[in-house]
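Using the numbering used here, the first residue of the sequence shown is number -15, and each one after it goes up by one.
For each residue, glycine too, the CB sits at the ideal point set by N, CA and C.
Since the model is a prediction, treat every value here as computed from it, not as a measurement.
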Amino acid sequence: MSPPTSASRRFPFDCPICRVLTESRSFPLHFDNGLAWEKGGLWLLRCSHCHGFTYWQGEPSVHEGRVLSGHMIWPIVLKGPPPHQDMPEAVRLDYEEARKIEGTSPRAAAALLRLAIERLCAEFGATGRSINDCIADLRRRGTPDNVRKTLDLIRVVGNNAVHVGEFQSAEIADIIPDLFALMNWIVEEMISMPRRVNHLIERLPESSRNVIRMREEESPVAH
Ligand SMILES: [Zn+2]
């Protein structure tokens, strides 16, 4: 029994293999159940430029770069920006995992980013029984408002991602690219910039360093 020929659909698609926006054709995959050929719910999309295949769950449909139906399960496309070079290793692992699954499950990615900021708070020396307590502790430690607010934002989105009916997947998918960028901004603000400033201060004459150090010791902790 020869496999069935199926009508394929054609539409422009930004191929993740060759990075060329070109016409692609979709084909349903069939399997032989012993009596007939059946569709298995998986589809191939073939790029007319590189002839490479991407694999989809559900029939793919893309219009002006927006996926209307189906989702690509291979290759895995990393969507979020790469982690900041100074991101602590434990945080980086969760961040990278979130990038890998963002395309297939934005909710799971948001939950992982929440875990990542929990680890980040620990890196900043915050203590508490919950991430909420840790962020409150950062306030007592004088952490800048914008940083705490951003940590809270990522915490809240992550919480909503795992609670039924609070926040729809589409809404999370819209917001999560910004959360990746904000994670990197926090690392820049809290780790990289202070490190650079301290490095420059170390190059000053000792008398000047002492003036700066004394002023720091005099400064009251914010809030
Ligand atoms: Zn291609």
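Just to check, is the beta-carbon of residue i closer than 7 Å to a non-hydrogen atom of ligand 1?
| i | result |
| --- | --- |
| Ile60 | no |
| Gly36 | yes |
| Val4 | yes |
| His33 | yes |
| Cys(-1) | yes |
How many Å lie between residue i and residue j at the Cα?
| i | j | result |
| --- | --- | --- |
| Met198 | Ile185 | 13 Å |
| Pro65 | Leu97 | 13 Å |
| Asp(-2) | Glu190 | 57 Å |
| Asp16 | Gly24 | 10 Å |
| Phe(-5) | Met56 | 15 Å |
| Ala74 | Asp162 | 21 Å |
| Ala206 | Leu122 | Residue confidence is low: Ala206 scores 47 on pLDDT, short of 50, so the model does not pin down where it sits. No coordinate-derived value is stated. |
| Leu52 | Asp129 | 39 Å |
| Cys2 | His33 | 8 Å |
| Pro178 | Ile160 | 27 Å |
| Glu43 | Met71 | 38 Å |
| Ser45 | Ser(-8) | 11 Å |
| Glu201 | Ile156 | 43 Å |
| Arg125 | Thr6 | 53 Å |
| Val146 | Asn194 | 50 Å |
Within its chain, find whatever has a CB closer than 7 Å to the CB of residue i; leave out the 5 residues flanking it on each side and keep chain order.
| i | result |
| --- | --- |
| Val131 | Ile170, Glu173, Met174 |
| Ser153 | Pro90, Arg91 |
| Asp136 | Ile119 |
| Gly49 | Asp(-2) |
What are the boundary residues of the beta strand (DSSP E) that includes residue i?
| i | result |
| --- | --- |
| Gly54 | 50 to 58 |
| Pro(-12) | Pro(-12) -> no beta strand (DSSP E), and no H or E assigned at all. |
| Thr6 | 5 to 16 |
| Val35 | Sequence inspection shows His at residue 35; the Val mentioned does not correspond to that position. Here His35 belongs to no beta strand (DSSP E), and DSSP marks it neither H nor E. |
Excluding the 5 residues flanking residue i on each side, which residues of the same chain have their C-beta closer than 6 Å to its C-beta?
| i | result |
| --- | --- |
| Arg28 | In the sequence on display, residue 28 carries Leu and not Arg. Excluding sequence neighbours, Leu28 sits near Phe11, Phe37. |
| Val61 | Pro0, Gly87 |
| Ser176 | Asp70 |
| Asp117 | none |
Which two residues bound the contiguous alpha helix (DSSP H) that contains residue i?
| i | result |
| --- | --- |
| Leu122 | 115 to 124 |
| Arg76 | 73 to 85 |
Residues in the same chain with beta-carbon distance under 8 Å from residue i, minus the five sequence neighbours each way, listed in chain order, please.
| i | result |
| --- | --- |
| Leu166 | Thr134, Leu137, Ile138 |
| Ile115 | Arg98, Ile101, Glu102, Cys105, Arg139 |
| Arg78 | Per the sequence shown, the amino acid found at residue 78 is Asp instead of Arg. Around Asp78: Leu96, Leu97, Leu99, Ala100, Arg103. |
| Trp21 | Met(-15), Pro(-13), Pro(-12), His14, Phe15 |
So that I know if they touch, is there some Cβ in chain B lying closer than 8 Å to that of residue i?
| i | result |
| --- | --- |
| Arg179 | Annotation note: the requested chain B is absent from the structure, which comprises a single protein chain. |
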